[in-house]
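Note sheet for the following structure.
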Amino acid sequence: MARPKKCRWVKMEPGVTFFKPQGIPLRSVEHTVITIDEMEAMRLSDFLGLNQEEVAKQMQVSRPTVTRMLARAHKAVADALAHGKAIRIEGGDYRLVGKFLECRFCGHREAAPPQGGEDPHTCSNCQKEDFCKLSGDQDHS
39 MARPKKCRWV KMEPGVTFFK PQGIPLRSVE HTVITIDEME AMRLSDFLGL
89 NQEEVAKQMQ VSRPTVTRML ARAHKAVADA LAHGKAIRIE GGDYRLVGKF
139 LECRFCGHRE AAPPQGGEDP HTCSNCQKED FCKLSGDQDH S
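Take the working numbering: the last position of the sequence shown gets the number 179, and nothing is skipped along the way.
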């Protein structure tokens with residue numbers, strides 16, 4: 039049985055999620071995908087200048103995971119630039135920083151499910167049902 043993927047923490051979703059070469063109609067251009075968590079790794083590493091250890095700490099993953107995410111993202115960007123492809127940023131296994139669930143009975147907090155996932159109906163701490171609410175006032179970084 040494969041080990042479950044560890045969730046990657048992302049501070050923000052990108053405002054722009056599609057880039058394409060100028061002058062080529064969208065319908066005739068190939069595209070490559072970079073996941074939102076890979077984009078966050080590039081933002082932290084390449085744009086903000088953090089080292090991979092610091093990126094790993096902020097995203098709450100291992101340093102080798104950051105290395106793999108950056109390698110995939112850099113390869114996708116290089117492919118797009120070298121071959122005139124569009125870049126679409128979407129998907130990935132991530133949670134937004136500050137999004138968590140809080141049990142109304144015991145106060146236990148846990149990360150909210152990944153984007154598009156269904157909220158759990160049972161608290162993992164006290165096992166009470168249907169008593170978790172989404173809250174966004176805590177920063178996990």
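The beta carbon of each residue, even a glycine, is placed where N, CA and C say it ideally should be.
Please identify the residue among Cys164, Ala114, Leu119 and Gly145 whose C-alpha is closest to the C-alpha of Met77.
Position 39 of the sequence shown holds residue 77. When only C-alpha atoms are compared, the closest one is Ala114.
With a 10 Å radius around its C-beta and 16 neighbouring C-beta atoms as the bar for buried, classify Ile72 as buried or exposed.
Here the question's residue 72 lines up with position 34 in the sequence shown. Ile72 comes out buried.
Can the beta-carbon of Val48 be found closer than 8 Å to that of Asp75?
The count along the sequence shown starts at 1 and reaches residue 48 at position 10. The count along the sequence shown starts at 1 and reaches residue 75 at position 37. Yes, Cβ-Cβ distance for Val48 and Asp75 is below 8 Å.
Indicate the three-state DSSP secondary structure (helix, strand or coil) for Ser179 in the structure shown.
Taking the first residue of the sequence shown as 1, we reach residue 179 at position 141. Any reading at Ser179 needs caution, since the residue's pLDDT is 31, under 50, leaving its predicted position unreliable; the model's value is listed next. Coil at Ser179, not helix or strand.
Just reading off the alpha helix (DSSP H) that Arg81 is part of, what are its end residues?
On the sequence shown, residue 81 is found 43 positions in, with the first residue counted as 1. Segment: none, Arg81 is in no alpha helix (DSSP H) and carries neither H nor E.
The region 84–98 / the region 62–72 touching (three or more Cβ pairs under 8 Å):
no
Boundaries (first-last residue) of the alpha helix (DSSP H) holding Ser93
Reading the sequence shown from its first residue, position 55 is the one you call residue 93. Note that residue 93 is Val in the sequence shown, not Ser. Val93 -> alpha helix (DSSP H) spans Gln90 to Met97.
To which residues of the same chain is Gly130 closer than 6 Å at the C-beta, ignoring the five residues directly before and after it?
Within the sequence shown, residue 130 is the residue found at index 92, counting from 1. These residues qualify, in order along the chain: Thr73, Ile74 and Asp75.
Kindly list the residues whose CB is nearer than 7 Å to the CB of Phe57, restricted to its own chain and excluding five residues on each side of it in sequence; keep chain order.
What you label residue 57 is simply residue 19 of the sequence shown in a count that begins at 1. Around Phe57: Ala124 and Ile125.
Among the residues of its own chain, which have a CB less than 8 Å from the CB of Thr105, if the five just before and after it don't count?
In the sequence shown, the residue the question calls residue 105 occupies position 67. Contacts found: Gln90.
Locate the beta strand (DSSP E) running through Thr133, then write down its first and last residues.
For the purposes of this step, residue 133 is identified with residue 95 of the sequence shown, where counting begins at 1. Sequence check: residue 133 is Arg here, not Thr. That run of the beta strand (DSSP E) goes Tyr132 to Leu134.
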